[in-house]
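What follows is a single structure, written as C-alpha coordinates, with notes after it.
Residue numbers (the working numbering): 8 to 198.
As C-alpha coordinates, this is what we get:
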(Lines of atoms letter the chains of each structure in order from A and count residues from 1; the text may use other names and numbers.)
(Lines give C-alpha, C1' and ligand atoms only; values in the text may rest on other atoms or scores of the structure.)
Protein backbone atom coordinates (compact mmCIF):
# COMPACT_ATOMS: atom_id res chain seq x y z
CA UNK A 1 0.00 0.00 0.00
CA UNK A 2 1.22 3.48 -0.85
CA UNK A 3 1.59 6.02 1.93
CA UNK A 4 -0.97 8.80 2.02
CA UNK A 5 -0.48 12.18 3.70
CA UNK A 6 -3.47 13.63 5.55
CA UNK A 7 -3.72 17.15 6.94
CA UNK A 8 -5.47 16.84 10.29
CA UNK A 9 -6.91 19.08 12.98
CA UNK A 10 -5.47 18.71 16.49
CA UNK A 11 -7.78 16.00 17.90
CA UNK A 12 -7.50 13.89 14.74
CA UNK A 13 -3.70 14.20 14.80
CA UNK A 14 -3.59 13.19 18.47
CA UNK A 15 -5.50 10.03 17.59
CA UNK A 16 -2.19 8.90 16.00
CA UNK A 17 -0.09 9.67 19.12
CA UNK A 18 1.42 6.16 19.42
CA UNK A 19 2.65 6.21 15.83
CA UNK A 20 3.87 9.80 16.15
CA UNK A 21 5.80 8.81 19.27
CA UNK A 22 7.45 5.89 17.44
CA UNK A 23 8.44 8.08 14.47
CA UNK A 24 9.76 10.83 16.76
CA UNK A 25 11.87 8.32 18.72
CA UNK A 26 13.32 6.77 15.55
CA UNK A 27 13.87 10.01 13.61
CA UNK A 28 15.58 11.90 16.43
CA UNK A 29 17.65 9.08 17.94
CA UNK A 30 20.54 9.60 15.52
CA UNK A 31 23.08 12.43 15.44
CA UNK A 32 22.95 15.35 15.78
CA UNK A 33 19.76 15.01 17.84
CA UNK A 34 20.71 12.06 20.09
CA UNK A 35 17.20 12.05 21.58
CA UNK A 36 16.53 9.53 24.30
CA UNK A 37 13.30 7.47 24.01
CA UNK A 38 11.80 9.41 26.93
CA UNK A 39 12.06 12.60 24.87
CA UNK A 40 9.40 11.18 22.55
CA UNK A 41 7.05 11.04 25.55
CA UNK A 42 7.91 14.65 26.32
CA UNK A 43 7.14 15.58 22.73
CA UNK A 44 3.67 14.02 23.00
CA UNK A 45 3.01 16.06 26.14
CA UNK A 46 4.10 19.22 24.31
CA UNK A 47 2.05 18.27 21.23
CA UNK A 48 -1.13 17.98 23.32
CA UNK A 49 -0.72 21.68 24.15
CA UNK A 50 0.58 22.72 20.73
CA UNK A 51 -2.61 21.59 18.95
CA UNK A 52 -4.38 24.44 20.80
CA UNK A 53 -2.12 27.13 19.29
CA UNK A 54 -3.65 29.64 16.87
CA UNK A 55 -3.29 28.51 13.27
CA UNK A 56 -2.22 24.96 14.23
CA UNK A 57 -1.77 22.62 11.26
CA UNK A 58 -0.82 18.98 11.50
CA UNK A 59 -0.20 16.28 8.94
CA UNK A 60 0.50 12.58 9.15
CA UNK A 61 1.80 10.12 6.55
CA UNK A 62 0.04 6.77 6.84
CA UNK A 63 0.65 3.39 5.26
CA UNK A 64 -2.64 1.80 6.20
CA UNK A 65 -2.81 2.56 9.92
CA UNK A 66 0.98 2.77 10.36
CA UNK A 67 2.42 6.27 10.85
CA UNK A 68 5.47 6.86 8.65
CA UNK A 69 5.88 10.57 9.35
CA UNK A 70 4.29 13.72 10.71
CA UNK A 71 4.59 17.50 10.63
CA UNK A 72 3.24 20.32 12.78
CA UNK A 73 3.08 24.08 12.35
CA UNK A 74 1.25 27.11 13.74
CA UNK A 75 1.03 30.85 13.44
CA UNK A 76 3.97 32.53 15.16
CA UNK A 77 3.00 34.87 17.95
CA UNK A 78 3.71 38.59 18.00
CA UNK A 79 6.15 39.21 19.54
CA UNK A 80 8.05 35.94 19.55
CA UNK A 81 8.04 34.33 23.00
CA UNK A 82 10.97 34.62 25.39
CA UNK A 83 11.31 30.82 25.62
CA UNK A 84 12.98 27.99 23.72
CA UNK A 85 15.22 29.29 20.89
CA UNK A 86 13.25 32.45 20.20
CA UNK A 87 15.51 34.89 22.08
CA UNK A 88 18.56 33.64 20.12
CA UNK A 89 16.63 33.90 16.85
CA UNK A 90 15.56 37.46 17.64
CA UNK A 91 19.14 38.38 18.55
CA UNK A 92 20.51 36.84 15.36
CA UNK A 93 18.02 38.49 13.02
CA UNK A 94 17.49 41.68 14.99
CA UNK A 95 14.16 42.54 16.56
CA UNK A 96 12.86 44.41 13.50
CA UNK A 97 13.57 41.59 11.02
CA UNK A 98 12.37 38.89 13.45
CA UNK A 99 9.05 40.73 13.80
CA UNK A 100 8.67 41.42 10.08
CA UNK A 101 9.85 38.06 8.78
CA UNK A 102 8.60 35.62 11.42
CA UNK A 103 5.77 37.01 13.56
CA UNK A 104 2.38 36.13 12.13
CA UNK A 105 3.94 33.67 9.68
CA UNK A 106 3.59 29.90 9.70
CA UNK A 107 6.25 28.34 11.90
CA UNK A 108 7.05 24.70 11.17
CA UNK A 109 7.73 23.14 14.56
CA UNK A 110 8.38 19.48 13.76
CA UNK A 111 8.88 17.40 10.65
CA UNK A 112 9.87 13.77 11.08
CA UNK A 113 9.86 10.74 8.83
CA UNK A 114 10.71 7.24 9.96
CA UNK A 115 14.21 6.40 8.70
CA UNK A 116 12.77 3.27 7.03
CA UNK A 117 10.49 5.52 4.93
CA UNK A 118 13.12 8.02 3.72
CA UNK A 119 13.37 8.60 -0.02
CA UNK A 120 9.63 8.32 -0.69
CA UNK A 121 8.87 12.05 -0.85
CA UNK A 122 6.99 12.01 2.44
CA UNK A 123 8.99 14.84 4.03
CA UNK A 124 8.27 17.14 1.10
CA UNK A 125 4.57 16.26 1.10
CA UNK A 126 4.22 16.65 4.87
CA UNK A 127 5.99 20.03 4.76
CA UNK A 128 3.74 21.24 1.95
CA UNK A 129 0.65 20.07 3.84
CA UNK A 130 1.39 22.22 6.91
CA UNK A 131 2.67 25.30 5.03
CA UNK A 132 0.26 25.55 2.11
CA UNK A 133 -1.94 28.11 3.89
CA UNK A 134 0.92 30.31 5.13
CA UNK A 135 -0.17 33.96 4.89
CA UNK A 136 1.63 35.55 1.93
CA UNK A 137 3.79 32.37 1.80
CA UNK A 138 5.47 33.52 5.04
CA UNK A 139 6.62 30.18 6.45
CA UNK A 140 9.77 29.50 8.41
CA UNK A 141 11.49 26.94 10.59
CA UNK A 142 14.46 26.27 12.82
CA UNK A 143 16.83 23.36 12.43
CA UNK A 144 20.29 22.33 13.51
CA UNK A 145 23.08 23.29 11.15
CA UNK A 146 24.77 20.09 12.34
CA UNK A 147 22.04 18.03 10.67
CA UNK A 148 23.68 17.99 7.25
CA UNK A 149 21.07 15.82 5.53
CA UNK A 150 18.25 17.92 6.99
CA UNK A 151 19.84 21.19 5.86
CA UNK A 152 20.39 19.78 2.35
CA UNK A 153 16.76 18.56 2.29
CA UNK A 154 15.40 22.04 3.04
CA UNK A 155 17.78 23.66 0.57
CA UNK A 156 16.68 21.22 -2.18
CA UNK A 157 13.09 22.28 -1.52
CA UNK A 158 14.01 25.96 -1.91
CA UNK A 159 14.20 26.93 1.75
CA UNK A 160 16.93 29.49 2.53
CA UNK A 161 19.01 29.78 5.69
CA UNK A 162 18.96 33.41 6.84
CA UNK A 163 21.11 33.28 9.98
CA UNK A 164 24.86 32.99 9.31
CA UNK A 165 26.42 31.76 11.44
CA UNK A 166 23.75 30.12 13.54
CA UNK A 167 22.69 32.25 16.54
CA UNK A 168 25.23 32.30 19.39
CA UNK A 169 26.97 29.16 18.19
CA UNK A 170 24.05 26.98 19.29
CA UNK A 171 23.83 25.40 15.88
CA UNK A 172 20.21 26.38 15.32
CA UNK A 173 19.46 28.31 12.16
CA UNK A 174 16.40 30.03 10.73
CA UNK A 175 15.19 28.97 7.28
CA UNK A 176 12.60 30.89 5.24
CA UNK A 177 10.24 29.02 2.93
CA UNK A 178 10.53 29.11 -0.86
CA UNK A 179 7.90 31.82 -1.37
CA UNK A 180 8.69 33.94 1.69
CA UNK A 181 8.80 37.60 0.63
CA UNK A 182 11.89 38.32 2.78
CA UNK A 183 14.07 35.83 0.90
CA UNK A 184 15.31 38.59 -1.37
CA UNK A 185 16.39 40.66 1.64
CA UNK A 186 18.24 37.79 3.29
CA UNK A 187 22.02 38.05 3.09
CA UNK A 188 23.67 34.86 1.95
CA UNK A 189 27.00 33.81 3.46
CA UNK A 190 30.13 34.55 1.48
CA UNK A 191 31.88 31.46 0.20
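Note that the Cβ used here is the ideal one computed from N, Cα and C, for glycine as well. Bear in mind the structure is a predicted one, so any value in this text is a computation, not a measurement.
Look at the stretch 49-76 and you find these whole runs of beta strand (DSSP E), each 3 residues long or longer: 64-70. With contact defined as three or more Cβ pairs closer than 8 angstroms, the stretch 132-139 and the stretch 38-45 are not in contact.
In this structure, residue 32 lies away from residue 77, with their beta-carbon atoms at least 8 angstroms apart. Around the CB of residue 192, fewer than 16 other CB atoms lie within 10 Å, so the residue is classed as exposed.
Scanning the stretch 152-190 for uninterrupted beta strand (DSSP E) segments of 3 residues or longer gives 179-183, listed from N- to C-terminal end. Comparing alpha-carbon positions, the option among 81, 79, 13, 156 lying closest to residue 39 turns out to be 156. In this structure, the beta-carbon distance from residue 107 to residue 10 does not fall below 8 angstroms.
Across the set 186, 89, 170, 189, the C-alpha of 170 shows the shortest separation from the C-alpha of residue 180.
For residue 87, there is no enclosing alpha helix (DSSP H), as DSSP marks it with neither H nor E.
Per DSSP, reduced to three states, the secondary structure at residue 80 is strand. Residue 23 and residue 58 do not touch by the CB rule: their CB atoms are close to 12 angstroms apart, not below 8 angstroms. In the DSSP assignment, residue 150 is bridged to 180.
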